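One structure below.
This is the structure in structure tokens:
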């Protein structure tokens, strides 16, 4: 029996590794994707392009603008003098924010009246716009409070001042809040799933489509041995991918890895059980490679979107959140992020590991059972 | 093209169409996947953050500290899930993901504020999800600054001063997407991504499939010319793609109420140009690879990755590193997403968009020419 399995493995490895293009796709593509992701993906909002439309041009208005610039969040691209130009800059997306102060701004503040700052925002990218608005609110609140106290001091000359709250925020696990650290561990999960799903489902169906499946069935190999022969090579490739991506992620991008590598590999093995199971199952319901591919993507795209890879699960509607419990990618993401960024161990991650293990066993048995039936 | 040439092309298109119709599942999925993604993006997926789970360690336990904490609890941005009594507890809640944020109010909070000095409140944020963390920190800053300002006003009133209104009033106005619905931002771009991925995936298999099954040899032995085969194969997928586009636009309008401010005809015309280019690219991959497995992997990488990441669809291009921004200029989806957004949200017309449209036309032409050139009616 072991000889047959070994022969099957050798055949499979030769088939995958023989074609240099497939070698490239299977080993290099994940790294390429990682590099692109690492540099392209960023939700960090800094240096927001801003236009200043200051009709007042007083000391006070200039001071407010200076505060915006000094925060580091805003970057003045242009001082405009007409409304049309401000509009044009927004239309062309050359700036995202326009700060407008009318004539009399400084005067109002000096005389104890309320002055108005108009903020024009390009709302197309609502995430960035929202964050920029929060930054602006922080700056203006601070300025407002300073002016208030100044007025009071002038009026009453009080030596005392009211107290205030100084909020000191510290981010754990990802001190500089680099979005890259959030995404790179997730990429491992994503790419491993894609590689194993696609390779497994399509390679089994390929045999059906080309006609070599019948030849295999004539041999003494049993369905179980066939399944092992088809899944083990791709599992191995997946592990190599995990190592490759981890190495590039840690040494090239500087993503921290605080947890145990052993746990990472162990969790990957459990995760692979689920993805290989799904891939195998897809192969049993597909007659052609095209069907296998479309079915794979029908599973894969929603799996990525509903996993918390980009869009947090907590932001989703309740019903959808429950649905994500069925998604192996969601649980593996918690594990991977926990290992890389938080450095936690099985004592915290055991629920996810358990769920993945149960899913993996179920999926594989289901797929294997169905496979036997369709072969017979 | 001569009439017999047109006839042969039509015959091939019809054959391809029959193939598509016979594989009902693939066709069904080619329509279901875009719809599914639209539904997900429209209803389930958002970067907007609400109800951030928070754990509070109130070491002060005074009226003032409770007042401060209630500012967080009362807002829609935070949701206090629990109260901790030790540092270990705080650690555990954040480690396990039970809370994303921990607010630590020091023992001398009330006394310091009343004495006119700053009270140092610490906020610990789980930084793994940097976007949510940034947003949460922004909210917290605003809450505590508002609190400080209210303290100042109350204090001034209490020492007998006149009541001051906050001196600076901010009037924000949001253009183009006044409700700041991330949906309005994402749906127009989403149609680009969907079309690109599905169409390219389908065409990437078609030529390779004929090679693998052996039916290509039969086709070669007929008088069919190379370009007739390519065009004939493209036609039905073009129809499927435009149908997907129509569905996406209809769903956008009737289901999600994304406003379409520009010209619908222009929208579809641009879509047609983009689609032709993408399909040709998929066909090219199929012609070059001759293996379905390989073609699908490469098509995935060439379409999914760029159209998802580098087109400005989810991540603004301006946030990316400079070299990556240059690479994005070579991604056709980038122009398509920009065009879609301009037409949907800004209502821009043909004059301002001509440059980008021209680029898409050039892309389409190049891909089509390449596909035709590389398809050789030979057996090797």
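Chains as they are written, first to last, in the working numbering: chain A, 684 to 1059; chain B, 844 to 1223.
For each residue, glycine too, the CB sits at the ideal point set by N, CA and C.
As the structure is a computational prediction, the values presented were derived from the model and not from experiment.
| Just curious, the beta strand (DSSP E) that residue 657(A) is in, first and last residue? | Because chain A is modelled from 684 through 1059, residue 657(A) falls outside the range shown and cannot be assessed.
| task | For residue 1047(B), I'd like the list of residues in its chain whose CB is within less than 7 Å of its CB, leaving aside the five on either flank, ordered along the chain. | result | 1125, 1128, 1129, 1138, 1139, 1142
| query | What did DSSP end up calling residue 859(B) once you bin it into helix, strand or coil? | reply | helix
| query | If you draw a straight line from the C-alpha of residue 825(A) to the C-alpha of residue 1009(B), how long is it? | reply | 11 Å
| message | Within 8 Å, do at least three Cβ pairs link the stretch 1070-1086 of chain B to the stretch 851-866 of chain B? | response | yes
| CB contact check: residue 1031(A) to chain D, cutoff 7 Å | As a matter of chain content, chain D is missing from the structure shown, whose protein chains are A and B.
| query | Given a threshold of 16 other Cβ atoms within 10 Å of its Cβ, counted over all protein chains shown, does residue 863(B) qualify as buried or as exposed? | reply | buried
| field | Alpha-carbon to alpha-carbon, residue 954(B) and residue 847(A) | value | 11 Å
| field | residue 974(A) burial status per 10 Å Cβ neighbour count (16 or more: buried) | value | buried
| query | What is the rounded straight-line gap between the Cα of residue 963(A) and the Cα of residue 861(B)? | reply | 28 Å
| query | Cα separation between residue 1094(B) and residue 929(B)? | reply | 51 Å
| task | Within the stretch 877-937 of chain A, note down every full alpha helix (DSSP H) run reaching 4 residues or more, in order along the chain. | result | 895-901, 906-930
| For the stretch 948-978 of chain B, which residues have a CB atom closer than 7 Å to at least one CB atom of chain A, in sequence order? | 955, 956, 957, 958, 959, 960, 961, 962, 963, 964, 965, 966, 967, 968, 969, 970, 971, 972, 973, 974, 975, 976, 977, 978
| task | Please confirm if residue 846(A) has its CB atom under 7 Å from at least one CB of chain B. | result | yes
| request: Examine chain B for any beta-carbon lying closer than 7 Å to the beta-carbon of residue 855(A), and answer yes or no. | output: yes
| query | Apart from the five residues just before and just after residue 738(A), which ones in its own chain have a Cβ nearer than 6 Å to its Cβ? | reply | 785, 786
| field | Identity of the residue in 1197(B), 959(B), 1013(B), 922(B) nearest residue 983(B) by Cα | value | 922(B)
| query | Does the distance from the CB of residue 959(A) to the CB of residue 1057(A) come in under 7 Å? | reply | no
| message | Can you tell me whether residue 1053(B) is buried or exposed? The criterion is at least 16 other CB atoms within 10 Å of its CB, across all chains shown. | response | buried
| said: Buried or exposed for residue 864(A), going by 16 or more other Cβ atoms inside 10 Å? | reply: buried
| query | If contact means a Cβ-Cβ distance below 8 Å, which residues of the stretch 880-894 of chain A contact chain B? | reply | 881, 882, 885, 886, 889, 892, 893
| Coil, strand or helix - residue 684(A) by DSSP | coil
| said: With a threshold of 6 Å on Cβ separation, who are the neighbours of residue 1171(B) within its own chain once the five nearest residues in sequence on each side are excluded? | reply: 1153, 1160, 1177
| query | DSSP three-state call for residue 1100(B): helix, strand or coil? | reply | coil
| query | Since residue 802(A) contacts residue 1013(B) with CB under 8 Å, what's their CB separation in whole angstroms? | reply | 6 Å
| task | Let me know the secondary structure DSSP gives residue 860(A) once reduced to three states. | result | coil
| query | At a Cβ cut of 8 Å, what residues of the stretch 977-1010 of chain A count as close to chain B, listed as they run along the chain? | reply | 977, 978, 980, 981, 984, 985, 988, 989, 993, 994, 995, 997, 998, 999, 1000, 1003
| task | Note down, in chain order, every chain A residue with its Cβ under 7 Å from the Cβ of residue 1164(B). | result | 722
| query | With contact counted as at least three CB pairs below 8 Å, one residue from each stretch, are the stretch 1006-1015 of chain A and the stretch 917-928 of chain A in contact? | reply | no
| message | Determine, for residue 913(A), whether the minimum Cβ-Cβ distance to residues of chain B falls below 7 Å. | response | no
| query | Taking Cβ-Cβ distances below 7 Å as the criterion, which residues of the stretch 794-815 of chain A are in contact with chain B? | reply | 797, 798, 799, 800, 801, 802, 803, 804, 805, 806, 807, 808, 809, 810, 811, 812, 813, 814
| message | With a threshold of 7 Å between beta-carbons, can residue 868(B) be considered close to chain A, or not? | response | yes
| query | How about residue 758(A) and residue 730(A): are their beta carbons less than 7 Å apart? | reply | yes
| said: Is there a C-beta anywhere in chain A that falls below 7 Å from the one on residue 856(B)? | reply: no
| Could you give the distance in angstroms between the alpha-carbon of residue 905(A) and the alpha-carbon of residue 885(B)? | 47 Å
| Hey, would you say residue 857(A) sits closer than 7 Å to residue 970(B), going by beta carbons? | yes
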